[in-house]
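Residue numbers (our numbering), protein chains in the order written: chain A, 149 to 666; chain B, 161 to 436.
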Amino acid sequence: MDERIAAAWRVLPDYLSQHVVLSAASLALGLLISLPLTIGAIRSERLRWPVLAFASLVQTIPGLALLALFYPLLLALSAVSLRTFGQGFSALGFLPSLLALTLYSMLPIIRNGVTGVLNLDPAVIEAARGVGMTDRERLWRIELPLATPMLMAGVRTSAVWVIGAATLSTPVGQTSLGNYIFSGLQIENWVSVLFGCVAAAGLALVTDQLLGVIERGAARRDRRSIAAALTLLFAGIAAAAATPLLQQRSSAYVIGAKSFTEQYILAALLAERIEREGASAARRAGLGSAVAFRALANDEIDVYVDYSGTVWANFMGRTHTPAREVVLREVREWLQQTHGVLLLGTLGFENAYALAMRRSQAEKLGVRSIADLAARGSELRIGGDFEFFARPEWRALQEGYGLRFAERRQYQSTFMYKAVAGGEVDVISAFSSDGRIAAHDLIVLDDPLQVILPYDAIILVSPRRVNDPLLRRALGPLEGAINVDIMREASLSVDRDAEKRTPAQAASWLAQRAGLGS
Amino acid sequence: MTRDPNDKAATMNMHSAAAPAIELRGVSKSFSGAPAVRSVNLTAPHGAFIAIIGASGSGKTTTLKTINRLVEPDSGEILLEGEPVHASPPHLLRRRIGYVFQGVGLFPHMTVGENIAVTPRLLRWDEERITQRVAELLELVDLPQDYAQRFPSMLSGGQRQRVGVARALAARPAIMLMDEPFGALDPLTRDALGREYRRLHERLQLTTVMVTHDVLEAMLLADTILVMRAGEIIARGAPHELMNEHADAAVRELIDTPRRQAERVRSLIENAAAHG
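Below, the structure written as structure tokens:
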């Protein structure tokens with residue numbers, strides 16, 4: 149079997165079980181909230197419009213945004229809870245995913261339930277009144293039973309939506325089948341992306357079929373097929389809920405990673421080092437940049453690698469660009485003083501923003517530095533990742549060099565490199581340690597005015613692990629051990645199309661090259 | 161006919177034998193400003209079979225529905241056995257009045273037996289008594305006993321309306337309200353069901369008010385006919401009185417319609433026979 153497929157199979161029990169538990173919990177909670185709302189909307193015309201409008205509004209928010217919005221909301225709630233009850237809760241992972249998916253599940257259930265009842269044959273309603281039913285008796289004995297097939301169709305739609313949308317919970321730190329998709333997209337492992345899609349679609353299909361059996365069983369009053377389908381559904385959920393218990397992996401340390409190749413490799417490296425000391429390590433990969441830092445500051449993850457410039461500009465809000473050592477020193481102090489976070493050490497390389505071009509085009513235009521680029525920029529197109537154009541570096545580049553471009557586009561970073569290599573754009577916001585610079589034969593333009601911030605890779609440790617001896621023992625040797633060349637090579641070995649390494653394999657290779665023993 | 165002591169209709173029947181079964185006093189109703197019924201008076205003694213006839217929009221259905229409060233009047237008073245209908249909540253009132261209408265409205269998710277048993281269940285009769293009552297009613301409306309397990313979708317239109325009548329009679333009401341009950345049926349079924357219902361009316365000593373636009377049906381079934389036009393009762397009396405003695409020529413003509421039609425049919429047949 150292909151190594152990538154084998155690797156995907158190995159993590160399937162973990163991803164699938166978490167995906168099932170999350171989807172089932174969201175749908176159950178969604179039903180619990182939707183059914184009373186449906187009944188309210190049927191009985192009260194005044195309630196009907198606001199309920200349906202709210203559910204429709206939720207549906208118009210993109211799934212990813214809905215998930216993202218719950219994180220800061222829960223963080224604030226957790227802070228309030230900590231102040232008032234002395235007890236906070238995790239704003240990352242299961243809870244925000246559960247709440248967002250619950251909201252997402254509601255519309256089809258409510259809309260189908262309300263439509264199902266309101267479109268019943270008026271003769272049946274008149275008969276129900278005529279035989280002397282109260283409103284409540286009419287609802288429970290006539291309207292809801294008759295609207296059940298329609299309501300069940302809504303539940304089926306909802307289940308399929310929730311299972312699909314649950315793949316988006318990966319960036320807020322909840323493991324799901326989305327992990328295949330997000331990490332696969334990042335490290336250009338299309339087998340993994342496809343595997344995730346097929347698994348999620350398969351799960352949705354099976355669930356839909358089982359709910360379909362219940363729906364038809366309800367219409368035909370066939371109790372046996374309803375019971376059989378329900379048994380299968382609950383057996384599946386129970387098996388999923390039991391999987392983590394069977395695996396008994398109460399991890400001592402939680403390692404965070406943002407969503408790009410270097411981060412996946414470094415997370416694997418940190419895990420390897422910790423496991424070598426005899427402790428277990430779980431990973432929360434694919435986190436958004438701000439999410440990762442907040443999670444660390446809140447002790448939800450224990451350690452991850454960030455970059456000095458990111459802390460300086462994004463979290464400290466500084467806009468000037470001092471020397472590398474100054475940035476490092478001030479970052480270290482700020483982390484310690486404002487968040488109690490420890491800057492354990494630097495890895496030895498920088499992953500700074502850099503402007504890169506195809507070598508052939510740069511030579512043809514005679515461009516070597518950003519200053520040269522400024523003269524030709526108005527004819528050229530620039531591509532950036534999702535955050536680049538909102539970052540201080542971009543403003544600094546524009547102000548420092550007077551850079552102007554004919555057009556600018558945004559890409560997910562994998563596609564950004566493809567875009568410049570394919571000539572869709574001329575210049576990109578590359579990362580200096582990225583293996584794809586060499587792979588695509590790009591050159592990094594000099595920054596003679598030094599407007600771009602230094603981005604030293606730094607190991608950050610959560611407040612509760614500041615004095616953890618095992619962590620220091622495991623990660624101390626990484627100080628200055630990785631230079632930019634081996635980091636680029638490791639990243640490229642994961643990103644390239646042939647003879648791809650998994651992040652774990654690349655981490656082992658990196659450890660060896662860094663002289664950390666095998 | 162045996163009556164159960166728990167049966168509300170039965171106790172009501174007995175407590176004020178002097179009062180008429182149904183009495184409407186000055187009942188008016190408008191729908192969004194347009195008057196549908198204007199100051200209608202109606203008295204139905206026990207055992208009466210009254211038919212209300214009139215064109216569409218004459219207010220006959222609205223009048224009927226004020227009796228079981230499917231329509232609430234704007235003004236006027238409605239008394240059953242001398243007791244105002246507003247004395248009890250509408251759903252309790254309706255459980256002691258039979259109601260049959262053109263749409264039938266059998267509950268499609270319930271069997272015939274369950275449909276018939278609906279009102280007794282609402283009244284919390286015990287199951288044994290309900291089963292017995294369902295069997296009794298199937299016999300009464302001339303349906304085979306095994307129909308109790310069938311679903312309404314498996315029945316013909318006539319069979320459905322038989323079930324509709326059985327459902328209305330299930331809790332032994334003293335009063336039956338019927339709104340175009342046989343209007344959607346073919347002429348043969350319609351005639352048969354009408355005659356059968358008239359026999360039930362006699363046998364169960366019911367008081368029946370039936371709305372119909374079919375003059376012939378009204379004449380064949382009812383003892384008293386009320387003619388409505390534009391929300392008002394413009395004539396009332398036994399069929400032969402209205403036909404021969406009523407002051408309003410239009411009413412005389414209306415009531416005479418079936419007889420004239422029958423004569424035309426007979427002459428057509430005779431002519432055909434003479435020429436053939």
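Cβ atoms here follow ideal geometry from the backbone N, Cα and C, with glycine treated the same way.
In the displayed model, P617(A) falls within a helix according to three-state DSSP.
Apart from sequence neighbours up to five positions away, no residue of its chain approaches T208(A) with a beta-carbon distance below 7 Å.
For N201(B), the enclosing beta strand (DSSP E) begins and ends at 194-204.
DSSP, reduced to helix, strand and coil, places P244(B) within a strand of the structure shown.
Within chain B, the residues placing a beta-carbon under 7 Å from that of M281(A) are H251, L282, ordered along the chain. Per DSSP, reduced to three states, the secondary structure at R396(B) is strand. Burial of A348(A) is indicated by the presence of at least 16 other C-beta atoms within 10 angstroms of its C-beta. Around the C-beta of Q421(B), fewer than 16 other C-beta atoms lie within 10 Å, and the residue is accordingly described as exposed.
If you check each beta-carbon in the region 251-279 of chain A against every beta-carbon of chain B, the ones closer than 7 Å belong to A271, V272, E274, A275, R277, G278, V279. The three-state reading of DSSP puts E237(B) in strand, counting E and B together. The alpha-carbon of A415(A) is positioned some 52 Å away from that of A367(A).
In the structure shown, L184(B) falls within a strand segment according to DSSP collapsed to helix, strand and coil. Checking the DSSP bridge columns, you'll see L386(B) partnered with I212(B), R396(B). Considering only beta carbons, no part of the region 169-191 of chain A lies closer than 7 Å to chain B. Collapsing the DSSP output to three states places Y452(A) in a strand.
Taking the Cα positions, I335(B) is about 14 Å away from T226(B). Collapsing the DSSP output to three states places V264(B) in coil. Spatial neighbours of D356(A) in its own chain (CB-CB distance under 7 Å, excluding positions within 5 residues in sequence) are listed in chain order as R304, A307, V308. Under the DSSP assignment, G278(A) falls in the alpha helix (DSSP H) whose first and last residues are 270-278. One Cα belongs to E425(A), the other to A652(A), and the distance between them is close to 17 Å. In the three-state DSSP reduction, Q357(A) falls in the helix class (H, G or I). In this model, P268(B) and V206(A) are separated by some 35 Å (Cα to Cα). Between G344(A) and W338(A), the C-beta gap is not smaller than 8 Å, which leaves the two residues out of contact. Exclusion of the five residues before and after P250(B) leaves R229 as the residues of its chain whose Cβ lies within less than 7 Å of its Cβ.
Taking a 10 Å sphere around the C-beta of Q660(A), we find fewer than 16 other C-beta atoms and assign the residue as exposed. In this structure, I335(A) keeps its C-beta atom at 8 Å or more from the C-beta atom of V568(A). Per DSSP, the continuous alpha helix (DSSP H) segment holding Y549(A) begins and ends at 540-549. Ranked by Cα distance from D408(B), the options P418(B), M388(B), R419(B), N201(B) are led by M388(B). For D416(B), same chain residues with a beta-carbon under 8 Å away, outside a window of 5 residues either side, are M403 in chain order. Under a 10 Å Cβ-count criterion, R332(B) is classified as buried, with 16 or more other Cβ atoms of the shown protein chains found around its own Cβ. Scanning chain B for C-beta atoms nearer than 9 Å to the C-beta of P293(A) yields F267, H269, M270, reported in chain order.
Collapsing the DSSP output to three states places E336(A) in coil.
With contacts defined by Cβ atoms closer than 8 Å, A194(B) and T367(B) do not form a contacting pair. Taken in chain order, the members of the region 219-241 of chain B whose beta-carbon sits within less than 8 Å of a beta-carbon on chain A are N228, L230. The beta carbon of F261(B) sits closer than 8 Å to some beta carbon of chain A.
Between I403(A) and chain B, the shortest Cβ-Cβ separation is not below 8 Å.
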